[in-house]
Amino acid sequence: MTGRLQAVILIIVAAVMAVCRFFAAAGRGKLSRSRRHIIGLSASHADPAVCAAIDAVEKVFVRDFNWPFRRLSYPQESGIDARAEILDNGWSTGRFLAMQIRPAPPARDDRGDYMHQIQKRDLDYWTSHSLSICVILFNPDNGDIAWQWASAVSGNDRNEERWLLTVPASNVMDASARLSFEEAIQANPQMLLRSALAVDRALMERISDHGALFIWDEWGDSSPMFRNLRVFLDKDEPEIQVDYRIRAHDLHELMVQLFPWASYSYAEPINEYSGKVAVHVLEVQVRPEALAYLEAEEFLEAGYPEEQDPPSPETEDYMTDEEEAAFWQSRRASRGSAEPEN
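In numbering that gives the first Met the number 0, the protein residues as written are 0 to 341.
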């Protein structure tokens, strides 16, 4: 990207974000419990060992598999660190692999396989949302990377807070692993949509509060390639940057496949630079249907609220004690006035 293009983009971002912050502050109401919690979290891992493991795994997906790799925001919420897009000869398919990535633990069994502990809250989240999660371990001592499906966890190897997953050291990240990933991830549109909502829930919570800007670079004409996504939330610097290199017929097709929970409009006209790259600046909101999903998730997690029994409606001929007393008094009075005089 040229310096001139980058400078223009930063000016556009600053102007649009200022407007977004103004309207967000004016219209912001009471935040939900989960949204308040998300705002207080770090957007990425603070543990250097985990970050190094994610770096190593990303290189394999991008270099060897040619699959775009996106680190997820607020991984503490779901235990999911990243997703890799499964492509078909460079074209977007909407299918993706969700991953938890960790440094390989020192503990091994008699066969030399890794004994990885999964937080119970993470496994509960994956199970309740029917997510196919791949646990990937990076050994910093020798550079080995091993993987296993989280569904292989043993019910006998658990305690109150953690479950034990055996990750075979022989499950290395190679061509056979790529084939296993492709075969395991379903192409069912409904399942993909459900998975996308569950995986990006924390990001949706953030964007639902004040919106976001998505900036894409488009290269080529006949079969455009979309690259270099930058996501701006409440700062003038991108909170998320992904070096996507994905072919799609148009940007709308790609947005629907990667971010089906989002609705968007153009914040600026499409600008072309050097006759090679077109820059798309999108103002993104969370779709009403996805907002309803967030509310339903919070309801399910919090449980049914404590409420008093609603009052029963009264029948049309119902009379209070005072009305009944007045009725009989009027009856006695009417009888007395109706008696004939002697």
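Glycine is no exception: its CB is placed at the ideal position from the N, C-alpha and C atoms. Given the structure is predicted, the values throughout are model-derived calculations rather than measurements.
Just the C-alpha distance for residue i and residue j, rounded to the nearest angstrom, thanks.
{"i": "residue 330", "j": "residue 318", "result": "15 Å"}
{"i": "residue 297", "j": "residue 304", "result": "11 Å"}
{"i": "residue 229", "j": "residue 212", "result": "8 Å"}
{"i": "residue 171", "j": "residue 243", "result": "25 Å"}
{"i": "residue 149", "j": "residue 164", "result": "7 Å"}
{"i": "residue 110", "j": "residue 136", "result": "17 Å"}
{"i": "residue 37", "j": "residue 207", "result": "Low local confidence applies: a pLDDT of 47 at residue 37 is under 50, so the model's placement there is unreliable, and no value is given."}
{"i": "residue 162", "j": "residue 263", "result": "40 Å"}
{"i": "residue 168", "j": "residue 112", "result": "5 Å"}
{"i": "residue 116", "j": "residue 209", "result": "36 Å"}
{"i": "residue 89", "j": "residue 258", "result": "18 Å"}
{"i": "residue 302", "j": "residue 295", "result": "10 Å"}
{"i": "residue 236", "j": "residue 306", "result": "45 Å"}
{"i": "residue 182", "j": "residue 101", "result": "24 Å"}
{"i": "residue 249", "j": "residue 227", "result": "15 Å"}
{"i": "residue 342", "j": "residue 266", "result": "Because the chain spans 0 through 341 in this model, residue 342 falls outside it and cannot be assessed."}
{"i": "residue 49", "j": "residue 300", "result": "28 Å"}
{"i": "residue 127", "j": "residue 66", "result": "27 Å"}
{"i": "residue 310", "j": "residue 188", "result": "44 Å"}
{"i": "residue 275", "j": "residue 221", "result": "12 Å"}
{"i": "residue 114", "j": "residue 254", "result": "38 Å"}
{"i": "residue 312", "j": "residue 268", "result": "58 Å"}
{"i": "residue 72", "j": "residue 125", "result": "17 Å"}
{"i": "residue 119", "j": "residue 270", "result": "48 Å"}
{"i": "residue 174", "j": "residue 256", "result": "25 Å"}
{"i": "residue 251", "j": "residue 91", "result": "12 Å"}
{"i": "residue 64", "j": "residue 185", "result": "18 Å"}
{"i": "residue 292", "j": "residue 104", "result": "36 Å"}
DSSP on residue i, reduced to helix/strand/coil?
{"i": "residue 305", "result": "coil"}
{"i": "residue 282", "result": "strand"}
{"i": "residue 63", "result": "helix"}
{"i": "residue 260", "result": "coil"}
{"i": "residue 273", "result": "coil"}
{"i": "residue 99", "result": "strand"}
{"i": "residue 136", "result": "strand"}
{"i": "residue 35", "result": "In this prediction, residue 35 scores a pLDDT of 49, lower than 50, which makes its location untrustworthy; the coordinate-derived value is nonetheless stated afterwards. DSSP places residue 35 in helix when its eight states are reduced to three."}
{"i": "residue 206", "result": "helix"}
{"i": "residue 242", "result": "strand"}
{"i": "residue 342", "result": "Shown here, the chain extends from 0 to 341; a query on residue 342 therefore has no answer."}
{"i": "residue 267", "result": "coil"}
{"i": "residue 53", "result": "helix"}
{"i": "residue 153", "result": "coil"}
{"i": "residue 46", "result": "coil"}
{"i": "residue 251", "result": "helix"}
{"i": "residue 186", "result": "coil"}
{"i": "residue 113", "result": "strand"}
{"i": "residue 91", "result": "strand"}
{"i": "residue 106", "result": "coil"}
{"i": "residue 81", "result": "strand"}
{"i": "residue 289", "result": "helix"}
{"i": "residue 130", "result": "coil"}
{"i": "residue 168", "result": "coil"}
{"i": "residue 71", "result": "coil"}
Please decide whether residue i counts as near chain C, where near means a Cβ-Cβ distance under 8 Å.
{"i": "residue 323", "result": "Given the protein chain composition of this structure (a single chain), no chain C is represented."}
Taking Cβ positions, are residue i and residue j nearer each other than 8 Å?
{"i": "residue 176", "j": "residue 146", "result": "yes"}
{"i": "residue 225", "j": "residue 239", "result": "no"}
{"i": "residue 283", "j": "residue 69", "result": "no"}
{"i": "residue 178", "j": "residue 93", "result": "no"}
{"i": "residue 122", "j": "residue 152", "result": "yes"}
{"i": "residue 278", "j": "residue 272", "result": "yes"}
{"i": "residue 393", "j": "residue 223", "result": "The displayed coordinates of the chain run from 0 to 341. Any statement about residue 393 would go beyond what the structure contains."}
{"i": "residue 205", "j": "residue 232", "result": "yes"}
{"i": "residue 196", "j": "residue 289", "result": "yes"}
{"i": "residue 144", "j": "residue 285", "result": "no"}
{"i": "residue 51", "j": "residue 139", "result": "yes"}
Item to check | Start-end ranges of the beta strand (DSSP E) lying completely within the region 210 to 237, minimum 3 residues | outcome: 211 to 218, 224 to 231
Checklist entry - Is it true that the region 74 to 90 meets the region 199 to 208, where meeting means three or more beta-carbon pairs spaced less than 8 Å apart? => result yes
Next on the checklist: Count Cβ pairs between the region 49 to 61 and the region 77 to 94 that sit closer than 8 Å; are there 3 or more?
Outcome noted: yes
Next on the checklist: Measuring CB atoms only, is the region 93 to 105 touching the region 123 to 134, in the sense that at least three cross pairs come out at less than 8 Å?
Outcome noted: yes
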